[in-house]
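I have placed the structure first, in the form of structure tokens, so that the comments after it can refer back to it.
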Amino acid sequence: MIEFENVSYGYEDNKKVLESITFKIEDGDFVGIIGHTGSGKSTLIQMMNGLLKPDSGTIRFRGENIFGNGYNLRELKFRVGVVFQYPDYQLFETTVIKDVMYGPMNMGMTQNEAMDAAKQALSLVGISEDKFNKSPFELSGGEKKKVSIAGILAMNPEVLVLDEPVAGLEPEGRRNLLKLLEKIRNENHITIVMVSHSMENVADYCNHVLVMNEGKLELNGTPEEVFRQADKLEKMGLSSTVAYYIMRELEKRGIVHDDRSITMKEAYGCLEKLL
Amino acid sequence: MFREITLGQYYAVDSVIHRLDPRVKLFGTLIYIMSVFMAGGLSGYLIVTMVYMLVMKLSKVPFSFALRGLKSVVWIVLMTFICNAFFYTGGTPFIKYGVISISAAGIKYGVAMSVRLILLVLGSSILTLTTTPNELTYGLEKAFGFLIKFHVPVQEIALMMSIALRFIPILIEETDKIMKAQASRGTDFDTGSIIKRVKNYIPIIIPLFISAFRRAGDLALAMESRCYRTGYQRTKMYPLKYTKADGKGYLVLMVYLLLFTLAKCTLLYTGNSGFYTM
Ligand SMILES: Nc1ncnc2c1ncn2[C@@H]1O[C@H](COP(=O)(O)OP(=O)(O)OP(=O)(O)O)[C@@H](O)[C@H]1O
Ligand SMILES: [Mg+2]
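Just so you know, the protein sequences line up as chains A and B, in that order. Reminder that position 182 of the first sequence reads as 182 in my numbering, one-by-one numbering, no gaps. Every position in the second sequence, counted from 1, becomes a number in my numbering once 275 is added.
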């Protein structure tokens, strides 16, 4: 549903930040984007809803060139919702609920419709009702993050793009958020794109992984295809998953054979059979 | 979106003028402004224009870059010209309609005033073109250091200036990020009535202010935890030091001022009004 074709981009100082990026995201994918800091991940996702225009190449959403003549870029922003890394850049209203209603109201919903959408989104991300009328600035960092995600979810996008959504959350908060993403992907049929620095999270939840390195798309495939190339990942300053390394070690010592696990769950399943 | 705005108009090249001590440049700007005010008549304006051209040449700043500084005052120049040319009452008007009277003398006066204004703006912009904002702040702090004796908090004012200068690029960058985050929620910056458009900027301004206040608080805390106190004589990491070139700079400026004043007085005395009128 989102296609990048030879997309290149440089900020004003003309250094190439993205170089000839080509990939395709399918309907219902849970895409993980990984890469070293400064590799161009945030730049890449800002193109998905047309915030940045590539210097060359084309971006298509559902087959249509989003920078083609007469394409409605504003409406695209409601269909491809982007949640930024820092919630502080988007919270501004006097109450949490009003803040979440901002997007839906911009879409042209009535007050009541927007209120319903906002309530639904907030309870989905796990913000309890007693916080609805609090000022967003009184919330903790993690709660702010959830509210900022709700602010995009309330617009009911077809694709939800998140820049490092779990950064700054404790393990349980991370798990809940990732479970939530999985749930809205399965139940609401929303395609999800997530930038993450956690190989484990990407291996556990995504079905499609993009690996960025110095502005180039270095690897593009299923988690299994990507995380089995540990050498390549290490050269880019990344790594494979912990489970992968454990299983390789066990394989070396002749304990397991022909194992393809990259997640803890898979590794556990494999080891359980041995016991 | 906002990144293109660079602060001030510093043009980074290496030149004699760039290397001068900011105090010399401040003094030079003052002298130049004085000479522009003293100048009159064709010959006077020719001289100050030539002086400007010469310094520009030395500074290696492209003239087209310097001209951009005029954009913001073009309306003021135009207004000055119109006011002087249309409402000047000294000469014999060849068109008179109500309060409007256009005379040759009026037009001449209008042109002269506009040229003077343009030279003032261009001349003083050499200072900002060749001096970084931080150097300028230090220069001002030093130049006005004597005011400390009169209980003017010179150092504090200079500190405030340099902090403000330091923060402007950060705030510009943040504005860019905030605008992107809000645009992703459908903020529309370009359509609707004026009031609606102003309202559309509220979601930008509030996060910006909150972030600025938070940063200011953090900075104050960081300064205090390193025992920053106001009211002490503070030394500088890179104190301003005069070099030989600066001495020569002062000399050239003094000679210029002297010659200019002499020329003006002589012409006044001999009654040659060509240099004086206007
Ligand atoms: N607004 C900007 N103007 C100029 N250069 C920028 C801008 N934003 C990012 N860059 C540069 O573009 C490159 C890629 O930045 P980007 O933010 O896309 O990296 P990233 O992969 O998201 O990194 P991180 O993991 O740290 O968030 C970096 O070298 C960065 O310095
Ligand atoms: Mg980033």
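Quick reminder that beta carbons are idealized off the backbone N, C-alpha and C, glycines included.
>> Assuming Ser239(A) is part of the beta strand (DSSP E), what are its boundary residues?
In response: Position 239 of the first sequence, counted from the first residue, corresponds to residue 239(A). No beta strand (DSSP E) contains Ser239(A), which DSSP labels as neither H nor E.
> Counting along the chain, where does the beta strand (DSSP E) carrying Pro368(B) start and finish?
Replying inline: As a working mapping, residue 368(B) is identified with position 93 in the second sequence. Counting along the chain, the beta strand (DSSP E) containing Pro368(B) begins and ends at Pro368 to Tyr372.
> By DSSP, does Leu162(A) sit in helix, in strand, or in coil?
Replying inline: Looking up residue 162(A) in the first sequence gives position 162. DSSP places Leu162(A) in strand when its eight states are reduced to three.
> If you drop the 5 nearest sequence neighbours on each side, which residues of the same chain put their C-beta closer than 6 Å to that of Leu219(A)?
Replying inline: For the purposes of this step, residue 219(A) is taken as the residue at position 219 of the first sequence. Cβ neighbours of Leu219(A) beyond the five flanking positions: Val211 and Val226.
> Considering Met212(A), what are the terminal residues of the beta strand (DSSP E) in which it resides?
Replying inline: Working through the first sequence from its first residue, we reach residue 212(A) at position 212. First-last of the beta strand (DSSP E) with Met212(A): His208 to Asn213.
>> Closer than 6 Å to a non-hydrogen atom of ligand 2 - does that hold for the CB of Lys41(A)?
In response: The residue given as residue 41(A) occupies position 41 in the first sequence. Yes, Cβ of Lys41(A) sits closer than 6 Å to a heavy atom of ligand 2.
> In terms of residue numbering, what span does the alpha helix (DSSP H) encompassing Tyr413(B) cover?
Replying inline: Working through the second sequence from its first residue, we reach residue 413(B) at position 138. Counting along the chain, the alpha helix (DSSP H) containing Tyr413(B) begins and ends at Pro408 to Ala418.
> Which runs of the alpha helix (DSSP H), 4 residues or longer, sit entirely within the segment 458 to 546 of chain B?
Replying inline: 469 to 475, 477 to 500 and 519 to 545
> Is Glu279(B) helix, strand or coil by DSSP?
Replying inline: One-based indexing of the second sequence puts residue 279(B) at position 4. Any reading at Glu279(B) is ruled out, since the residue's pLDDT is 39, under 50, leaving its predicted position unreliable.
> If you follow the alpha helix (DSSP H) that Ser20(A) is part of, which residue opens it and which one closes it?
Replying inline: Sequence index remark: in the first sequence, residue 20(A) carries index 20 (1-based). Taken as a continuous stretch (DSSP letters only), Ser20(A) belongs to no alpha helix (DSSP H), being part of the beta strand (DSSP E) at Lys16 to Ile25.
> Do the CB positions of Lys417(B) and Leu515(B) come within less than 7 Å of each other?
Replying inline: By one-based count along the second sequence, residue 417(B) stands at place 142. By one-based count along the second sequence, residue 515(B) stands at place 240. Yes, they are a contact pair.
> Is Ser459(B) close to chain A, meaning its C-beta is less than 7 Å from at least one C-beta of that chain?
Replying inline: Taking the second sequence and counting its residues from 1, one reaches residue 459(B) at position 184. Cβ-Cβ to chain A under 7 Å: yes for Ser459(B).
>> Here's a check: name, in chain order, each residue in its chain whose Cβ is nearer than 8 Å to the Cβ of Phe338(B), leaving out the five neighbours to either side.
In response: Within the second sequence, numbered from 1, the residue matching residue 338(B) stands at position 63. Contacts found: Met331.
> Do Leu122(A) and Val100(A) come within 7 Å of each other at the CB atom, strictly closer than that value?
Replying inline: Here residue 100(A) refers to the residue found at position 100 of the first sequence. Here residue 122(A) refers to the residue found at position 122 of the first sequence. Yes. Within cutoff.
> With 7 Å set as the bound, which would you pick, yes or no: does the beta-carbon of Gln229(A) sit closer than that to a beta-carbon of chain B?
Replying inline: Within the first sequence, numbered from 1, the residue matching residue 229(A) stands at position 229. It does not: the Cβ of Gln229(A) has no partner Cβ on chain B nearer than 7 Å.
> Considering only residues of the same chain and omitting the five flanking positions on each side of Lys519(B), which have a CB-CB separation below 7 Å?
Replying inline: Here the question's residue 519(B) lines up with position 244 in the second sequence. None.
> In chain B, which residues lie less than 8 Å from Leu153(A) when you measure between Cβ atoms?
Replying inline: Residue 153(A) sits at position 153 when you count from the first residue of the first sequence. Simply none; closest approach about 11 Å.
> Considering only residues of the same chain and omitting the five flanking positions on each side of Leu177(A), which have a CB-CB separation below 7 Å?
Replying inline: Along the first sequence, read from residue 1 onward, the residue named residue 177(A) stands at position 177. Taken in chain order, the residues that qualify are Pro165, Val166 and Leu169.
>> Restricting to Cα atoms, I'd like to know which of Glu5(A), Phe78(A), Asp29(A) and Lys252(A) is closest to Lys183(A).
In response: The count along the first sequence starts at 1 and reaches residue 183(A) at position 183. Answer by Cα proximity: Asp29(A).
> Which runs of the alpha helix (DSSP H) fall wholly inside the segment 331 to 365 of chain B and span at least 4 residues, in chain order?
Replying inline: 338 to 342 and 349 to 362
> Which two residues bound the contiguous beta strand (DSSP E) that contains Gly57(A)?
Replying inline: Counting from 1 along the first sequence, the entry for residue 57(A) is found at position 57. Its beta strand (DSSP E) spans residues Ser56 to Phe61.
> What is the residue span of the alpha helix (DSSP H) that Phe227(A) lies within?
Replying inline: Within the first sequence, the letter at position 227 stands for residue 227(A). Taken as a continuous stretch (DSSP letters only), the alpha helix (DSSP H) holding Phe227(A) covers Pro223 to Phe227.
> For Lys273(A), which of helix, strand or coil comes out of DSSP?
Replying inline: Mapped onto the first sequence, residue 273(A) falls at position 273. Helix, per DSSP.
>> What does the alpha-carbon distance come out to for the pair Ile481(B) and Ala487(B)?
In response: Residue 481(B) sits at position 206 when you count from the first residue of the second sequence. Residue 487(B) sits at position 212 when you count from the first residue of the second sequence. C-alpha separation (whole angstroms): 10 Å.
> Cβ of Met38(A) within 6 Å of any heavy atom in ligand 1?
Replying inline: What you label residue 38(A) is simply residue 38 of the first sequence in a count that begins at 1. One detail in the question is off: residue 38(A) reads as Gly in this sequence, not Met. Result yes, Cβ under 6 Å from ligand 1.
>> Taking 6 Å as the cut-off, is the C-beta of Ile71(A) nearer than that to any heavy atom in ligand 1?
In response: For the purposes of this step, residue 71(A) is identified with residue 71 of the first sequence, where counting begins at 1. Looking at the sequence shown, residue 71(A) is not Ile but Tyr. Because no heavy atom of ligand 1 lies under 6 Å away, the Cβ of Tyr71(A) does not count as near it: no.
> Val82(A) touches chain B at which residues, Cβ-Cβ below 7 Å?
Replying inline: For this step, residue 82(A) is matched to residue 82 along the first sequence. Within 7 Å Cβ-Cβ: Ser459.
>> Using a Cβ-Cβ cutoff of 8 Å, what residues of the segment 428 to 457 of chain B are near chain A? List them in chain order.
In response: Glu449, Lys452, Ile453, Lys455, Ala456 and Gln457
> Since Lys77(A) meets chain B, which of its residues come closer than 7 Å, beta carbon to beta carbon?
Replying inline: What you label residue 77(A) is simply residue 77 of the first sequence in a count that begins at 1. Simply Ala458, Ser459 and Gly461.
>> Between which two residues does the alpha helix (DSSP H) holding Ile34(A) run?
In response: Within the first sequence, numbered from 1, the residue matching residue 34(A) stands at position 34. Not the alpha helix (DSSP H): Ile34(A) falls in the beta strand (DSSP E), residues Phe30 to Gly35.
> Can you find a C-beta in chain B that's less than 7 Å from the C-beta of Asn201(A)?
Replying inline: Walking along the first sequence from the start, residue 201(A) turns up at place 201. It does not; no Cβ of chain B falls within 7 Å.
>> Taking 7 Å as the threshold (beta carbon to beta carbon), is Tyr285(B) in contact with chain A?
In response: Locating residue 285(B) in the second sequence gives position 10, counting from the first residue. False, the Cβ-Cβ gap to chain A never drops below 7 Å.
> Listing by chain order, which chain B residues have their CB less than 8 Å from the CB of Leu124(A)?
Replying inline: Along the first sequence, one-based indexing puts residue 124(A) at 124. Within 8 Å Cβ-Cβ: nothing; Leu124(A) doesn't reach chain B, min ~17 Å.
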